[in-house]
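Below is one structure, written out as structure tokens, with a few remarks after it.
Chains as they are written, first to last, in our numbering: chain R, 4 to 167; chain Z, 4 to 167; chain Y, 4 to 167; chain A, 4 to 167; chain F, 4 to 167; chain L, 4 to 167.
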């Protein structure tokens, strides 16, 4: 069985994340989804708790029939970036590929500190969570970038209040 | 859907843990299994990494056909016990019952700091991980207290070396 | 004896804080005053040490004859918000009411994670510490928002230098 | 006004601690009492929370009519001993003398890292908290070494259960 | 032998730092160079790892024939400023003078918490690392403010990518 | 230039450590010496501060004429063992070989988490620091296992008092 790892902060989880997960699952049989900066919440850059992020992602994965092919693992920050790939490997069972959304720090650190191949997934949805949070504060149409169940979840927990 | 929470350090995961999980799943539909002291490994009291503990537990749950009814979540120690139930609630989605193996600190802290009911599961297997680690060092018949797949896993990763 | 808890970062302690404490003491017999983000100092958002904040508050409480009805307790940040009410309860003796200045995160977290009632005190002085620090840098009339003894204390320790 | 500092873990607070505080208050007008290892509780060496320790000490100080001459300040461990005197000075307002029970590490660190004079108080009660905890487990007459109100407090919160 | 201490974040090491070190070595025989905020890297304000900073500084010191008169010691942040001079003294052997580039927080903290004299070195090169990082992003002539070997080193490790 | 890495806690630095360093320097041109568990001191297992350990090692290296071929780097524990090799690489410039005294955890972690070859040095002196500390407490002839200058240094700083 081929396994992969994909991580994000998911503040909140959006259609770009879902696309990345689907692409990853077309390459591997099983995907570990790491919830980054897990300990933080109720802050401008980190509005939602790890538990809330697990909830929103779980629901979307179920709706897409792929929950059984994934495991969601919270990963607290340790603020020591070169140690981070080892920290991930402490919490996540062995994986064969790392999937990343762009040519950024996750790719750089895994390539420098492990032998695990890193693959960039195609950007099918042009959005980032920072912009979504900004739209949530300013009143833009943020819902169209989220899976419907995430948008509903955020409504239900007064997610906009959490951010602004 | 009724959900529960059960936590242990699982150093290593033994038949008593499995019995507790089965009892919990006779009460709730879905169980979050918290891996305590997640960050520690390669120490006398904490020989196995969180990732190794996830691996051993996952295999046992699969063999018992109950993997789909559970989610395994690593929970790092924060060394602030009265804050611990809130720390758990940061990492684990909402649950209706806490299951514990005895009348110990997990029960005391959840009862003092949350409204969530705590239920003691029946001790069907009289063993604790400390005794198993001790047998692993001294050469006792530790395997009979473990699910076979865990015993095999520990053989494969030279688990005895890790402990002694 | 009825006891309460009121917390702030007090960077610096101003007339709004004093008003809140007086209102709290009209409801409870004894008030624990938590100094939040206790470990930080000499930073833009956290100019004063916990010890300096204890000093400025103690003097004001004495001048108002209410020192004997209060205990000041430094509370370091743990950067795990859902665990924070339990962290407070680790450091502060039991209290019957939480007093807050607004409908913000302290209220949300205590209501979600404890049974202790939370009461919003009336805003009798329209000022926040952020604005005071801003006036201290830019040269506004910041002293009028502070108890006189705090203004004098900040002069004495060159508080403006600490901020800019 | 002359001020002093006295610190201990107070697990639990015993007659030797009370004697030290009284001796200190015969030298200074006001005493800051630091509760060391504040974050720990529910552990063999650290059974009681900071809040419980504040409660037991407060009651004794009140009974002895000296509460108004003291302020109790929890001091979390930072596990960096040479930095510890500065850490104390971050949390505790300025003091003129440090009082210690023996020629140990508190004395060594304050003498090496500050100019504040350190004074050893006379040992009028020959007991240490480690022995008291040991008696609580084994059934010795531990109560005779504690102020009566602390003994009662420990009975009330099932303190023996916490330790054993 | 007279020894000194000089610390900076060195993000990156520039000609102003080198000038300060040379001035310090005209006063003392041996200089401990502390790499501040050692654990951070790959962040906007902290682009380079401690190991990269050690490399760039070592090369410059060798070129200037002064490596043998210095020792470079990484100093992680502990986010407790009044404890910081003691933290430095935990990691760095005894020194007779502290050298600083300006009348800032290092001077204030060492003067408040130690007896070690603090000396401000003359600002012979008017540049700060913040401006250099800004020029690296915006395309200014940042190289002229760096020792040539540092500029080359940053080219070699794609330092501009790290920052932007 | 070929570089190596050798780490220990050096509580205290003994002839076995010196032998290992000499063997390492017969293989590489330059050796980084990592001082493990750097933040701890004044504890039973960690009596000496990082700064004291740097001092004792520096003197021995000078006496042996090999100081110029080494750099001593304190490495604080992060209590996350799988992340530790990356943590080391954050603080220590690149090295080609890791030298270890035995087939223990340093070897295991570097082999699992990096590509850097690990070499066991020959045990020419049969002693470990734990035994030396034990002899220092009980009165054995501990000095014969230490470089003379370390024995003298420990006498000078009352090292026996620190341990017992």
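Even for Gly, the Cβ is constructed at its ideal location relative to N, Cα and C.
Where residue i falls, given that 16 or more other Cβ within 10 Å makes a residue buried
i, result
"residue 128/Z", "exposed"
"residue 167/Y", "exposed"
"residue 39/R", "buried"
"residue 143/Y", "exposed"
"residue 37/A", "buried"
"residue 133/L", "exposed"
"residue 112/Y", "buried"
"residue 96/F", "buried"
"residue 164/Y", "exposed"
"residue 77/F", "buried"
"residue 83/A", "buried"
"residue 47/A", "exposed"
"residue 15/A", "buried"
"residue 7/L", "buried"
"residue 162/Z", "buried"
"residue 151/A", "exposed"
"residue 107/R", "exposed"
Chain-order list of residues whose beta-carbon lies under 6 angstroms from that of residue i (same chain, five-residue window excluded)
i, result
"residue 123/F", "103"
"residue 89/Z", "none"
"residue 116/Y", "88"
"residue 136/Y", "166"
"residue 149/A", "17"
"residue 145/A", "135, 138, 139"
"residue 12/R", "39, 40"
"residue 131/L", "none"
"residue 109/A", "103"
Other residues of its chain near residue i: CB distance less than 7 angstroms, five sequence neighbours each side excluded
i, result
"residue 5/Z", "31, 32, 99"
"residue 160/F", "55"
"residue 105/R", "123"
"residue 94/F", "76, 78"
"residue 121/F", "101, 103, 110, 113, 114"
Run of the beta strand (DSSP E) containing residue i, from where it starts to where it stops
i, result
"residue 39/F", "Looking at the DSSP string, residue 39/F is not in any beta strand (DSSP E), and its letter there is neither H nor E."
"residue 74/Y", "73-77"
Residue interval of the alpha helix (DSSP H) (run including residue i)
i, result
"residue 10/Y", "From DSSP, residue 10/Y is part of no alpha helix (DSSP H) but of the beta strand (DSSP E) over 6-11."
"residue 19/F", "18-28"
"residue 210/Z", "No answer is possible for residue 210/Z: it lies beyond the span of chain Z, which begins at 4 and ends at 167."
"residue 31/F", "Looking at the DSSP string, residue 31/F is not in any alpha helix (DSSP H), and its letter there is neither H nor E."
"residue 65/Y", "53-66"
"residue 163/Z", "162-166"
Beta-carbon proximity list for residue i, same chain, < 8 angstroms, skipping 5 on both sides
i, result
"residue 44/Y", "50, 51, 52, 53, 55"
"residue 80/R", "39, 40, 41, 42, 43"
"residue 91/Y", "8, 10, 37, 78"
Neighbouring residues, chain B, relative to residue i (Cβ below 7 angstroms)
i, result
"residue 94/L", "Checking the listed chains, one finds no chain B in this structure; the protein chains it contains are R, Z, Y, A, F and L."
> Is there contact between the stretch 141-157 of chain Y and the stretch 57-73 of chain Y, where contact requires at least three CB pairs shorter than 8 angstroms?
Replying inline: yes
>> So, does the stretch 62-69 of chain F touch the stretch 22-39 of chain F, judging by three or more C-beta pairs under 8 angstroms?
In response: yes
> Which runs of the alpha helix (DSSP H) fall wholly inside the stretch 85-138 of chain Z and span at least 4 residues, in chain order?
Replying inline: 87-94, 108-116
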